[in-house]
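Each step along the sequence shown adds one to the number in my numbering, with nothing skipped, and position 287 is 287.
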Amino acid sequence: MLHTKWKFLLIAVSIFLWILLSIYFINAPQFVSSDGAQYLIGAQTIRTHGKYQTFNTLPQLVGTERIPQYNWPPFYSFCLAAVMLISGQDVFSAGKILHFLCSLVFFLSWLSLVWSRFKNSPLILSTFLLTMVFPLGFWFYYRGYYSEGLFVTLCAILLNLCMYHTTTSRYKHKLMFVAAISVTLGLMTITRYAGLGFVLGLGVYMVWRIITAKEKILSLHTVLFISPVSLIYGSWVIRNKLLLNNLSFQNKTDLGFGFIEAFIDCTNKVMISVVGIPQRFEQYGVILLLGLCILLVINWKPIKHFIAADSFNLLLILLSSCYFLMLLIVRKKYGFSPMRYYYLLQPMAVFLLLYGIRFFRHTDSSQPPVKRYIHNCIIYLIFGLMFLSGTRRTFSEIQTASILSNQSHYRGSYLPMFMHSGWLLNWLKSQPKDNSLYCSNFTKYAPLLLGGPCIQLFSKQEENQRFLQLISAKYEHIYLILSKEKGQWKSRPDWDFYLNTLSYDILNEDNSTIVVKLKK
Numbered sequence: 001m002l003h004t005k006w007k008f009l010l011i012a013v014s015i016f017l018w019i020l021l022s023i024y025f026i027n028a029p030q031f032v033s034s035d036g037a038q039y040l041i042g043a044q045t046i047r048t049h050g051k052y053q054t055f056n057t058l059p060q061l062v063g064t065e066r067i068p069q070y071n072w073p074p075f076y077s078f079c080l081a082a083v084m085l086i087s088g089q090d091v092f093s094a095g096k097i098l099h100f101l102c103s104l105v106f107f108l109s110w111l112s113l114v115w116s117r118f119k120n121s122p123l124i125l126s127t128f129l130l131t132m133v134f135p136l137g138f139w140f141y142y143r144g145y146y147s148e149g150l151f152v153t154l155c156a157i158l159l160n161l162c163m164y165h166t167t168t169s170r171y172k173h174k175l176m177f178v179a180a181i182s183v184t185l186g187l188m189t190i191t192r193y194a195g196l197g198f199v200l201g202l203g204v205y206m207v208w209r210i211i212t213a214k215e216k217i218l219s220l221h222t223v224l225f226i227s228p229v230s231l232i233y234g235s236w237v238i239r240n241k242l243l244l245n246n247l248s249f250q251n252k253t254d255l256g257f258g259f260i261e262a263f264i265d266c267t268n269k270v271m272i273s274v275v276g277i278p279q280r281f282e283q284y285g286v287i288l289l290l291g292l293c294i295l296l297v298i299n300w301k302p303i304k305h306f307i308a309a310d311s312f313n314l315l316l317i318l319l320s321s322c323y324f325l326m327l328l329i330v331r332k333k334y335g336f337s338p339m340r341y342y343y344l345l346q347p348m349a350v351f352l353l354l355y356g357i358r359f360f361r362h363t364d365s366s367q368p369p370v371k372r373y374i375h376n377c378i379i380y381l382i383f384g385l386m387f388l389s390g391t392r393r394t395f396s397e398i399q400t401a402s403i404l405s406n407q408s409h410y411r412g413s414y415l416p417m418f419m420h421s422g423w424l425l426n427w428l429k430s431q432p433k434d435n436s437l438y439c440s441n442f443t444k445y446a447p448l449l450l451g452g453p454c455i456q457l458f459s460k461q462e463e464n465q466r467f468l469q470l471i472s473a474k475y476e477h478i479y480l481i482l483s484k485e486k487g488q489w490k491s492r493p494d495w496d497f498y499l500n501t502l503s504y505d506i507l508n509e510d511n512s513t514i515v516v517k518l519k520k
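Encoded structure:
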């Protein structure tokens, strides 16, 4: 076991190295995803107009009425706008500052958990090595202007608050931590809808506490837990109801398979993203999970005592299980499949694994030396595999940074729309903003450069003709930015067909993109 002064030295070195790594990654090229573009536009609108007002790009009538979107919750955009206000930087630079702060807070929160729960463990050195590598995989979110980076930071803060709540004995402190937990949960739900899974987990935990308490009444703890998260998330739901008459966050898709298939799919994705096993072995994910369940059943009695001794252990299990249940339901109902939804489970899953390792070391302390030696080898093998998994993600980040450095940039950020048409980036930046309307069949990134809306063209010919004829008399300059990758815009006869009687000049084009100006 390490001496206390060496532990503090280990913490200092870890923080120093993490700051160096963060500076390296923050100076690597950032990339703007299609989701990220919506968040950035939302932040610009908050900074300029003082309200959150991002829009879906489908126009109604003459394109002046746009449908407020509800697929991207607002808290990430609010944080970006706040950094823009304080720093005076543009949205791209503000994103880099926010990502660095999120990364640092996430790492310090994770370090706090490890220090408080494992400082007396003989595995402290291995645990700190894992702590150094594990968060690096989240730089994909920070560099892509995804809200998941902020979400995992809030998740790490939540775990710390839960730990302090379960360990403090003072009633006032418990109330304070309950309120802070509820506020954090509320912010998580308006950062990613995945936060609802954690709300469910904490809700089950609160119900369990009420059932097991002597006074089985609605306590102040419950009121403090329900009120902030309901107020924060409820405000967003009411907004969507008033503006859109819609409470859902995704159109339902019929995937045609049942919960067993969804369970297998979720389990395999978790094994790939959380445990770090190669994708070619994903079919063994269910087998590994079943093996873990059998192991838990065999050791049920000592595990029961282990949970009873520290309710934080139970809380971690409930949070992880309820979030996995939410993934299962969402996978079945809406068809979410991107790997990043499963990565959000990683902080609790890794922490549970560390707890499991500590538990089995404790239960094996009375075993013969040979058995303890075998178990120690297995434990360090698990640590080694997790360390290799983290370093693999790190090298993947470095490789991605070198790839992105060769692409089109705007203020230090890579914009995928302009990967094959770099001239379009410069053309958009030079265009006038007044009395001009820009329309496109692909509008994810153009509003960031224009400082205003870029209207999405309709997919049906009749709607496009009516739309273009109506706007032709409204604006002095009308530009069409057309991606040739879209089916109905691949050839010039198609453009003539959709533009109908409207005449136009082609300003520039290449194999991927064309810019057209309508004639008066």
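Quick reminder that beta carbons are idealized off the backbone N, C-alpha and C, glycines included.
Nothing here was measured: the structure is a model prediction, and the numbers come from that model.
Under the criterion of beta carbons closer than 8 Å, Leu200 and Cys293 do not qualify as touching, at roughly 21 Å. Counted as a single uninterrupted DSSP element, the alpha helix (DSSP H) harbouring Tyr39 occupies residues Ser34 to His49. In the DSSP assignment, Glu509 falls within the beta strand (DSSP E) that extends over Tyr504 to Glu509. Within the segment 118 to 184, the complete alpha helix (DSSP H) segments of 4 residues or longer fall at 124 to 133, 139 to 143 and 148 to 167, listed in chain order. Counting every other CB atom within 10 Å of its CB across the protein chains shown gives Ser235 a total below 16, marking it as exposed. A direct Cα-Cα distance of roughly 15 Å separates Ala94 from Phe25. Fewer than three pairs of CB atoms, one per stretch, sit closer than 8 Å, so the segment 101 to 116 makes no contact with the segment 32 to 42. Remark: C-beta atoms of Cys439 and Ile478 approach each other more closely than 8 Å. The DSSP-derived three-state label of Phe31 is strand. Counting only runs that start and end inside the segment 440 to 483, the alpha helix (DSSP H) elements of at least 4 residues fall at 446 to 450 and 461 to 472.
Beta-bridge pairing by DSSP links Val114 to no other residue. Distance from the CA of Ser503 to the CA of Gln469, rounded to the nearest whole angstrom, comes to 11 Å.
Following the DSSP letters along the chain, one finds Leu518 in no alpha helix (DSSP H) but inside the beta strand (DSSP E) bounded by residues Thr513 to Leu518. Taken atom to atom, the span from the alpha-carbon of Phe467 to that of Glu476 is near 16 Å. Rounded to whole angstroms, the gap between the alpha carbons of Asn313 and Ile181 is 17 Å.
Around the C-beta of Ser77, 16 or more other C-beta atoms lie within 10 Å, and the residue is accordingly described as buried. The Cβ-Cβ distance between Leu187 and Phe198 does not fall below 8 Å.
Under the criterion of beta carbons closer than 8 Å, Thr191 and Pro29 do not qualify as touching, at roughly 24 Å.
As a beta-bridge residue in DSSP terms, Ser436 pairs with His477. Residue Thr127 holds the alpha-carbon nearest to the alpha-carbon of Ser14 among Tyr410, Phe351 and Thr127.
A Cβ-Cβ separation of about 18 Å leaves Ser483 out of contact with Leu518 under the 8 Å criterion.
Of Leu428, Gly451, Ala446 and Leu424, the smallest CA-CA separation from Asn511 is found for Leu424. When only Cα atoms are considered, Pro416 and Phe31 end up about 7 Å apart. The closest CA to that of Leu388, considering only Val133, Val370 and Lys241, is found on Val133. Using a Cβ distance threshold of 8 Å, Leu220 and Leu175 count as a contacting pair. As the crow flies, the alpha-carbon of Val330 is around 10 Å from that of Cys266.
Residues of the same chain with a CB within less than 6 Å of the CB of Arg143, apart from the 5 flanking positions on each side, are Gln30 in chain order. DSSP, read as helix, strand or coil, puts His420 in coil. Leu345 is positioned such that its CB atom lies closer than 8 Å to that of Val270.
Here Ser413 carries a strand assignment [DSSP, helix/strand/coil]. Note on Cys377: under 16 other CB atoms within 10 angstroms of its CB, so exposed under the neighbour-count rule. For Ile210, the enclosing alpha helix (DSSP H) starts and ends at Gly195 to Thr212.
Gln431 is classed as exposed because its beta carbon has fewer than 16 other beta carbons within 10 Å across all chains shown.
DSSP places Ser430 in no alpha helix (DSSP H); its state is neither H nor E.
Between Ala156 and Trp115, the gap from beta carbon to beta carbon reaches 8 Å or more. Rounded to the nearest whole angstrom, the CA to CA distance from Cys79 to Ile232 is 15 Å.
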